[in-house]
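Sequences listed follow chains P and L, in order. The first sequence begins at 3 in this note's numbering and counts up one residue at a time. The second sequence begins at 7 in this note's numbering and counts up one residue at a time. C-beta atoms are modelled at their ideal positions from N, C-alpha and C, and glycine is treated no differently. Since the structure comes first, as structure tokens, the remarks are kept for the end.
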Amino acid sequence: MNDRVEKRLIHFIRENKENIYRLAFSYVKNEQNALDIIQESIHKALSSSQSLKSEGSLKSWFYRIVVNTSLDFLRKQKRLQPMDDQTLELLAPSSEDAYHDIDLERALDELPHTLRTVIILRYFEDLKIGEIAEVLNENINTVKTRLYQGLRKLRLDIGEESLEEVQ
Amino acid sequence: MNEKLERLKKQYENITIPKELDFVVEKAIRKNKGRHGIKRLIGGGVAAALFITGINTSPTFANSMSDVPLVGSIVKVLTFREFNVHDGTMEANIKVPVIKNLENKTLESTLNKKYLDESKKLYSDFQSEMEELKQKGGGHMGMDSGYVVKTDNDRILAIGRYVVNTVGSSSTTFKYDTVDKKNQLLITLPSLFKDDSYIPLISENIKKQMKEQMKKDPNKVYWVESAMDDVPVTPFQSIDKNQIFYINDHGKLVIVFNKYDVAPGYMGVLEFTIPTAVIANDLVSNEYIK
């Protein structure tokens, strides 16, 4: 039984490593740290795969580990956040198009983790509301509320900025 | 999905995937396969049983043989040799320790052989991983291995050997050998105690220390029950019978955990000093631990 779960888990990790990396990166914003999160998440997952009971929930379970590991890391890093070249480049306005997207991305980044995670999981990682609820260990209504809150905040922030641009 | 969200999604999908990702993932999988939450048994106790009978004390003789004429500190740890790899973005540096002037030559040569064999293995593992990484398009990779002398007093010599692996992220492992210089033998954790009751005694004390530390400093995180309702990881239950340890200069027992064993990676390699009162009843004697 354990072996089968482990095999499925390893398969899942291999198939989804790029998604997992992006998810981790979206929190820690740095290549080295994101790789660290990946390594640690795999370690946690494989060393406690016996706690994974229902077969279907593998995806939510693993995402949950990645999200929690990232948040743990951020809690620790809170006071000091160095940026690598890639991040600096990303933030530097290089072309007009990118510039607008950066405003949008910044708006997303400025959302509290609780709201941002829901948006990333729902729209970028295509998880169902029920799966997100499992990832966050919250009930479905909470997830829905956060999703609406997040979307509203995004629109609001973006909206205000476009008003300024018009003036 | 509206156009703004669509744009955000594009941004998200454009996050560059580093070429080290494959390697980090495969390595993490290989390392943890088949663990199922059970701590790997840490070797060291096996060889030790051989030496316990080989007690042979003659400090005068040892003294006359030594180039450092100091009773009790004649046993020395030196760097025996180094393995180095420099290949573009890949670098390894392995220092092999060697113990000199141990009277018990069997113990000395067994320890030294162990150090050399381990280093050779590290070196060849590094080379094959290097090849593997090259085939996958290259990347950064580094390894640093060496040793620290934690305790070196009249009675105790404690040598720690470490390996730091850097492939994108890093991992560190430590191993310790604690030698009784007077009686010329290798001290194992079980040999210090009358029976196995040290295992729960020490484990409970460590759990207590973990909780206290977490309370004092919210940045500290240990995988200990009650403090981790939200983390799907098996909490720390118990130390291994042959848990990594050493005896410090004050005669206190120090229990060591490698990175990821009982806490998230950023906590690094962890040491817990066990108050002697906690284990006093189970100690064979107060020879080493005071």
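State whether the region 250-265 of chain L contacts the region 159-170 of chain L, with contact taken as three or more CB pairs (one from each stretch) at a distance under 8 Å.
-> yes
With a threshold of 16 other CB atoms inside 10 Å of the CB of T63/L, please say whether the residue is buried or exposed.
-> Since pLDDT at T63/L reaches only 32, below the 50 mark, its modelled position is unreliable, and the value read off the structure follows with that caveat. Using a 10 angstroms sphere on the CB of T63/L, the tally of other CB atoms stays under 16, which defines it as exposed.
Roughly how many angstroms lie between the CA atoms of I67/P and K46/P, to the nearest whole one?
-> 8 Å
Whose Cβ in chain P lies nearer than 9 Å to the Cβ of G271/L?
-> Result: D38, I39, Q41, E42, H45, T71 and F75.
Is the number of C-beta pairs between the region 109-124 of chain P and the region 8-18 of chain P that are closer than 8 Å three or more?
-> no
Decide if L84/L is buried, meaning its Cβ has at least 16 other Cβ atoms within 10 Å, or exposed.
-> Looking at its Cβ environment, which holds fewer than 16 other Cβ atoms inside 10 Å, L84/L is exposed.
Rounded to whole angstroms, what's the CA-CA distance from A36/P to V30/P? Just pull it up for me.
-> 6 Å
So which of N211/L, R13/L and N292/L has the shortest CA-CA distance to D105/P?
-> R13/L
Quick one: does Q17/L have its CB under 7 Å from some CB of chain P?
-> yes
Report, in whole angstroms, the separation of the C-beta atoms of T179/L and H146/L, which I expect to be a contact under 8 Å.
-> Contact doesn't hold; Cβ gap of about 20 Å is too wide.
Anything in chain L within Cβ reach of S28/P, meaning under 8 Å, just list it in chain order.
-> Y18 and I21
Hey, how far is the Cα of E8/P from the Cα of E210/L?
-> Pairing E8/P with E210/L, the inter-Cα distance amounts to about 30 Å.
Looking at the structure shown, is F132/L part of a helix, part of a strand, or coil, going by DSSP?
-> helix
According to the Cβ coordinates, are Y272/L and K78/P closer than 7 Å?
-> Going by C-beta atoms, Y272/L is nearer than 7 Å to K78/P.
Determine which residues of the region 266-293 of chain L have a Cβ less than 7 Å from any Cβ of chain P, and write them out in chain order.
-> Y266, P270, G271 and Y272
Delimiting residues of the alpha helix (DSSP H) encompassing M273/L = Run containing M273/L: none; DSSP gives neither H nor E here.
Closest Cβ-Cβ distance between S1/P and chain L: below 7 Å?
-> With chain P covering only 3 through 169, there is no way to say anything about residue 1/P.
Test item: CB-CB of Y121/L and V102/L under 7 Å = yes
Is the CB-CB distance between Y153/L and D288/L below 7 Å?
-> no
Using 8 Å as the threshold, is the region 127-139 of chain P in touch with the region 61-76 of chain P, meaning 3 or more CB pairs across them?
-> yes
For I67/P, the three-state DSSP class (helix, strand or coil) = helix
Just grab the DSSP bridge partners of D150/L for me.
-> N99/L and V170/L
Can you tell which of G257/L, K82/L, K221/L and N248/L has its C-alpha closest to the C-alpha of E109/L?
-> The residue with the shortest Cα to Cα distance from E109/L is K82/L.
If you compare alpha carbons, which of Q34/P, I39/P, I131/P and L149/P is closest to I22/P?
-> Checked all of Q34/P, I39/P, I131/P and L149/P; the closest Cα to I22/P is I39/P.
Can you round the beta-carbon distance between P24/L and E33/P to whole angstroms, since I take them to be within the 8 Å contact cut?
-> In this structure, P24/L and E33/P form a Cβ contact; the two beta carbons are roughly 5 Å apart against a cut-off of 8 Å.
Cβ-heavy atom distance between Q219/L and the ligand PLP below 6 Å?
-> This structure simply doesn't include the ligand PLP, nor any ligand for that matter.
Counting only the same chain and skipping the five closest in sequence on each side, list residues whose C-beta sits under 7 Å from that of D150/L.
-> N99 and V170
Three-state secondary structure (DSSP) of L139/L | The three-state secondary structure of L139/L, taken from DSSP, is helix.
Can you pull the DSSP bridge partners for F199/L?
-> L289/L
Return the Cβ separation of I193/L and I245/L in integer angstroms, given the expectation that the two are a contact with Cβ distance under 8 Å.
-> About 16 Å separates the two Cβ atoms, so there is no contact after all.
Between T172/L and chain P, is there a C-beta pair that is closer than 7 Å?
-> Taking Cβ atoms only, chain P never reaches closer than 7 Å to T172/L, which makes this a no.
Unbroken beta strand (DSSP E) run spanning I303/L, endpoints = Limits of chain L in this structure are 7 at one end and 296 at the other, which puts residue 303/L out of reach.
Who are the neighbours of K39/L on chain P, taking C-beta pairs under 9 Å?
-> Those are E8, I12 and L48, listed as they occur along chain P.
Quick one: Cα of K19/P to Cα of N189/L, how far?
-> 53 Å
Mind listing the chain P neighbours of T240/L? Cutoff is C-beta to C-beta under 7 Å, in chain order.
-> The contact set of T240/L on chain P, defined by CB atoms closer than 7 Å, consists of S49, S50 and S53 in chain order.
Does the separation of the CB atoms of A269/L and Y294/L fall below 7 Å?
-> no
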